[in-house]
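In my numbering, the protein residues as written are 198 to 378.
Built from N, CA and C at the ideal position, the CB exists for glycine as well.
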Amino acid sequence: MLITFLGAWFAAATIKQEPTRRLEWHRKIDPGGLLLPEWRFFAPHPGVHDNNVLYRDELEDGELTPWKEITSAVPRKIRHIFWLPEHRIDKVIFDLAGEVSNTILDGKLESPEDIQLSLPYLFLLNHVTHNHPHHPRAIRTQFLIARSAGWDESEEPLIVFYSNLHPIKRSTVRPGVKVPT
């Protein structure tokens with residue numbers, strides 16, 4: 198009897214996870230959602246795109262360097278299952294880029310220039326300016342946000358946003374950066 202009950206509960210809980218959510222039968226059985234678990238606790242609408250942040254510098258002569266992606270991706274090791282503090286920075290950048298992208302794509306702004314006053318924009322600008330190497334002759338920097346389908350290369354990335362060019366102080370230009378060819 199117990200095995201039958203647990204088997205029926207497991208089957209109902211598994212069927213409830215149907216991704217399109219067309220079936221609502223479980224609301225009659227469990228209106229409060231206490232008996233049948235929801236296994237998508239933090240992602241009822243899972244993300245299907247990656248937010249990529251790239252940056253480039255403007256040199257003294259007006260030339261622009263090639264775009265460089267901001268990432269701290271490292272080859273994964275077994276210990277990363279338990280300890281990978283670098284992932285926190287990647288997550289913050291991903292979330293900030295997502296916030297800027299959603300604000301722009303949802304048309305929540307009265308003027309496109311208003312995004313420059315938002316905290317996500319200012320945090321991204323600060324991160325790009327102070328935490329990444331710049332060309333020794335760089336006078337300004339710019340970043341862009343693009344949406345991609347991650348590993349699915351059949352979908353072209355969508356450029357969501359270009360920032361303005363922002364001045365950088367010489368103290369933020371890290372020496373020893375090779376000039377791109």
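Can you name, in chain order, every residue of its own chain whose Cβ lies under 6 Å from the Cβ of residue i, other than the five neighbours on each side?
| i | result |
| --- | --- |
| Thr378 | Annotation note: pLDDT 43 at Thr378 (below 50); position unreliable, coordinate value reported separately. Hits under 6 Å: none found. |
| Pro309 | none |
| Leu203 | none |
| Leu362 | Glu255, Arg337, Gln339 |
Please list, in chain order, all residues of the same chain as residue i whose beta carbon is under 8 Å from its beta carbon, the five residues on each side excluded.
| i | result |
| --- | --- |
| Glu266 | Asn249, Val250, Leu251 |
| Leu232 | Trp206, Ile226 |
For residue i, which option in the options has the closest C-alpha, if you only look at C-alpha atoms?
| i | options | result |
| --- | --- | --- |
| Val289 | His324, Leu362, Lys274 | His324 |
| Gln313 | Leu199, Leu293, Ala210, Arg253 | Leu293 |
| Leu321 | Phe340, Asn299, Ala335, Glu215 | Phe340 |
| Gly259 | Asn299, Ile356, Thr338, Glu350 | Thr338 |
| Thr211 | Ile200, Pro234, Met198 | Pro234 |
| Phe291 | Phe279, Pro317, Asp303 | Pro317 |
| Asp349 | Val245, Leu306, Glu215, Thr201 | Val245 |
| His329 | Thr201, Gln214, Trp264 | Trp264 |
| Ile356 | Leu306, Ile278, Gly295 | Gly295 |
Taking residue i as part of the beta strand (DSSP E), name the residues at either end of that continuous run.
| i | result |
| --- | --- |
| Ser345 | 335-345 |
| Asn249 | 247-256 |
Is the beta carbon of residue i sitting closer than 8 Å to the one on residue j?
| i | j | result |
| --- | --- | --- |
| Ser467 | Pro354 | Outside the shown range of the chain, which is 198 to 378, sits residue 467, and nothing can be said about it. |
| Glu255 | Ala335 | yes |
| Ile365 | His331 | yes |
| Arg253 | Thr262 | yes |
| Phe207 | Val297 | no |
Please tell me whether residue i has its Cβ less than 8 Å away from any Cβ of chain C.
| i | result |
| --- | --- |
| Leu362 | The chain inventory of the structure shown lacks chain C, comprising one protein chain alone. |
At which residues does the alpha helix (DSSP H) containing residue i begin and terminate?
| i | result |
| --- | --- |
| Phe207 | 199-213 |
| Val357 | Unbroken run through Val357 is the beta strand (DSSP E), 355-359; no alpha helix (DSSP H). |
| Phe291 | 283-302 |
Can you name, in chain order, every residue of its own chain whose Cβ lies under 7 Å from the Cβ of residue i, other than the five neighbours on each side?
| i | result |
| --- | --- |
| Gly347 | Asp247 |
| Glu257 | Arg334, Ile336 |
Cβ of residue i within 7 Å of any heavy atom in the ligand GDP?
| i | result |
| --- | --- |
| Leu203 | This structure does not include the ligand GDP; it has no bound ligands of any sort. |
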